[in-house]
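Each residue of the sequence shown is one higher than the one before, counting from 148 in this note's numbering. Quick notes on the structure that follows.
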Amino acid sequence: MRFRSIGLFLAALLASFSGIAQMPPNPTSLSSTLPADAPPKPNLSTTGNFAVIQRKFDIFAWQEFVALNWPVGKPGQPGPGTIGKSISGDNATVWESYMAASQVFQPGAAPPPSWGTTQSIPSYCPVAPQALQGKVAKVLPLIAKGNVQDEFTEAFTLSPLIDVTGKYTRYEIRMNKVEFDKILQGSANAPAPAKPWYIPANQIAPISFPAGVYQTDQIGSVEVKAAWRQITQSQASRYHTAWAYITYAPNANGQNTKCAGPLLMGLVGLHIIHKTASGPQWIWATFEHLDNAPSAPLAGHYSYYNNPKCTFSPACADQQPPKPAGGWDGDPTKTNTPVQVIRATPIPAAKNSPTSGINPVFQKLLHNASPNSVWQYYQLVDTQWPQHPGTVQNPQQCYHDPKNPNNPLNFACNGPNIDQGPQPVPSSLANTTLETYFQQAPGNKQAFMGNCMGCHSNGTVANGAPNTNLYSDFSFLLGDAQPPSTSATPERRLRRTPK
Numbered sequence: 148m149r150f151r152s153i154g155l156f157l158a159a160l161l162a163s164f165s166g167i168a169q170m171p172p173n174p175t176s177l178s179s180t181l182p183a184d185a186p187p188k189p190n191l192s193t194t195g196n197f198a199v200i201q202r203k204f205d206i207f208a209w210q211e212f213v214a215l216n217w218p219v220g221k222p223g224q225p226g227p228g229t230i231g232k233s234i235s236g237d238n239a240t241v242w243e244s245y246m247a248a249s250q251v252f253q254p255g256a257a258p259p260p261s262w263g264t265t266q267s268i269p270s271y272c273p274v275a276p277q278a279l280q281g282k283v284a285k286v287l288p289l290i291a292k293g294n295v296q297d298e299f300t301e302a303f304t305l306s307p308l309i310d311v312t313g314k315y316t317r318y319e320i321r322m323n324k325v326e327f328d329k330i331l332q333g334s335a336n337a338p339a340p341a342k343p344w345y346i347p348a349n350q351i352a353p354i355s356f357p358a359g360v361y362q363t364d365q366i367g368s369v370e371v372k373a374a375w376r377q378i379t380q381s382q383a384s385r386y387h388t389a390w391a392y393i394t395y396a397p398n399a400n401g402q403n404t405k406c407a408g409p410l411l412m413g414l415v416g417l418h419i420i421h422k423t424a425s426g427p428q429w430i431w432a433t434f435e436h437l438d439n440a441p442s443a444p445l446a447g448h449y450s451y452y453n454n455p456k457c458t459f460s461p462a463c464a465d466q467q468p469p470k471p472a473g474g475w476d477g478d479p480t481k482t483n484t485p486v487q488v489i490r491a492t493p494i495p496a497a498k499n500s501p502t503s504g505i506n507p508v509f510q511k512l513l514h515n516a517s518p519n520s521v522w523q524y525y526q527l528v529d530t531q532w533p534q535h536p537g538t539v540q541n542p543q544q545c546y547h548d549p550k551n552p553n554n555p556l557n558f559a560c561n562g563p564n565i566d567q568g569p570q571p572v573p574s575s576l577a578n579t580t581l582e583t584y585f586q587q588a589p590g591n592k593q594a595f596m597g598n599c600m601g602c603h604s605n606g607t608v609a610n611g612a613p614n615t616n617l618y619s620d621f622s623f624l625l626g627d628a629q630p631p632s633t634s635a636t637p638e639r640r641l642r643r644t645p646k
């Protein structure tokens, strides 16, 4: 018996060192409560087990996904009911009641509408058919052309993403009330008089957004970026959908001149970023629809891939489409040549394994809640978190082009010109619908952009700020702030090109 006890003790000890005993238990229910932060992580210097920590952040990411896609009640808050538990298996979501970036940063630096205000439909949009009255949920505008981040072209490119039907993918960015309130207050803390950040002149140091705290359930700043594609009614049973107007054909100042819709849009990609105490460089989670793209050249139905002969050849997969004469105009009625998309870095087995993966756990919970739930057709690609949450000396620079030290896309890890950083885990992360052209594919010279923290550490404040090189706390949104104007109808200015 003594030897057996010693054997059990040694087995338990080895298990504790390997991290198996510390692996967090799988959730057994779905919740509408948005988690404030991931549970405290074990000390890597003693355990050395990234898998245990990664599992905690992956569970945190899925809990965010469920809570943010819960049926909405008051703006920004969950309502009664259960995610996906409806006749259609779909529901209006909490995050879609957040404020859109284009609402907050108004032309002429005008004050944004009050929290919870729905997007206004431009006067030049067609009247919705009677059957869709009250169902139009959003406006997806093309707000600018050029090397900017907006709702049409992908980040840091001049290119759109075109699906297998030849239609453009559309994007939107929204923020929670914590971030919205901070933008209205500015750098001074309440009850000091507000100096709102939607006015560029007020964008002064310190630029720091509120962080979520695990111990107190205080929610931090949350930004959501979504990717949408046009779908047919016959496809709606596998997608979260929304009826949307699409505005397009902007003039030189980014003012749209045409509108199409309402069009049925299906959600294909979702970034969730949340500033927390354990992730002051924010925690980055990204989700995709199961039907987006394969991890290898395969036959089958995908939204962004229909050529089994297409490989990772630079002439074929994940390549920016050639720009037409006159540039991209965002016209949703046009049919364009599809972009062949392959997932360059397969989703880790720890996410999709049928026996131990976290995706099957939540997909099963969603299916059990409602067999026809559209939410069971989404998957977590990965969650990126900082190994060093504070400003810790880091000899591994996020990205520096060894052949060109003046490359404008050279990134510091923790803000402009600061080569101290978080050592993000995993070191790269890309969504096939949101970073299509920055995946880690062979021969892709821009693959370094796959580091979420490295990319967003390059975010700075808007034109018109006292110091336009001022670091904007990993958010690009402050760069959308518009210059003041005396015009009664100011035009939207293009966002400053990221450095």
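For glycine and all other residues, C-beta sits at the position ideal for the given N, C-alpha and C. Here the structure is a predicted model, which means the values were calculated and not measured.
- Between P276 and P186, the C-beta spacing is not below 9 Å.
- According to the DSSP assignment, H603 belongs to the alpha helix (DSSP H) that extends over C599 to H603.
- R202 carries a helical assignment under DSSP once its states are collapsed to helix, strand and coil.
- Between A464 and A577, the C-beta gap is not smaller than 9 Å, which leaves the two residues out of contact.
- A Cβ-Cβ contact shorter than 9 Å links T530 with A208.
- In the displayed model, G413 falls within a strand according to three-state DSSP.
- At a Cβ-Cβ threshold of 9 Å, V488 and T615 do not count as neighbours.
- For A497, the uninterrupted alpha helix (DSSP H) run begins and ends at A496 to N499, by DSSP.
- By the C-beta density criterion, A440 is buried, having at least 16 other C-beta atoms within 10 angstroms.
- Judged by DSSP secondary structure, I489 falls outside any alpha helix (DSSP H); it is assigned neither H nor E.
- Between the alpha carbons of K282 and F197 lies a gap of roughly 45 Å.
- Fewer than three beta-carbon pairs drawn from the region 387-396 and the region 352-366 are found closer than 8 Å, and the two stretches are therefore not classed as touching.
- Linking C272 to A407 through their CA atoms gives a straight-line distance of about 7 Å.
- For the 9 Å CB-CB criterion, Y345 and Q253 form a contact.
- Around the CB of K314, 16 or more other CB atoms lie within 10 Å, so the residue is classed as buried.
- With respect to the C-alpha of D438, the residue from P269, A339, N453 and N610 having the closest C-alpha is N453.
- The beta carbons of A256 and P347 sit closer together than 9 Å.
- Listed in chain order, the non-local C-beta contacts of G228 below 6 Å within the same chain comprise P218, local neighbours out to five positions each way being set aside.
- Distance from the Cα of H421 is smallest, within the candidate group V415, T433 and M412, for T433.
- The residues G255, in chain order, have a CB closer than 6 Å to that of S632 in the same chain once the five nearest residues on each side in sequence are set aside.
- When the five nearest sequence neighbours on each side are left out, the beta carbons in the same chain lying within less than 8 Å of the beta carbon of T264 are those of M246 and Q250, in order along the chain.
- Between A337 and E243, the C-beta spacing is not below 9 Å.
- Comparing alpha carbon positions, the residue from E326, L181 and G223 closest to F621 is E326.
- Taking a C-beta distance under 9 Å as the contact criterion, S425 and W532 qualify as a contact pair.
- By the CB criterion at 9 Å, S176 and L512 fall inside the cutoff.
- For A389, there is no enclosing alpha helix (DSSP H); the enclosing beta strand (DSSP E) covers residues T388 to Y395.
- The criterion of a C-beta distance shorter than 9 Å is satisfied by Q210 and P174.
- Separation of V415 and H514 (C-alpha to C-alpha, rounded to the nearest whole angstrom) is 19 Å.
- Out of E435, T502, K372 and M322, the CA that lies nearest to the CA of V528 is found in E435.
- Collapsing the DSSP output to three states places Q224 in coil.
- Nearest to S619 by C-alpha distance, out of P225, S334 and R376, is S334.
- When the alpha-carbon of K470 is set against those of P485, D627, A374 and K221, the nearest one is in P485.
- Out of D328, G504 and R376, the CA that lies nearest to the CA of K203 is found in G504.
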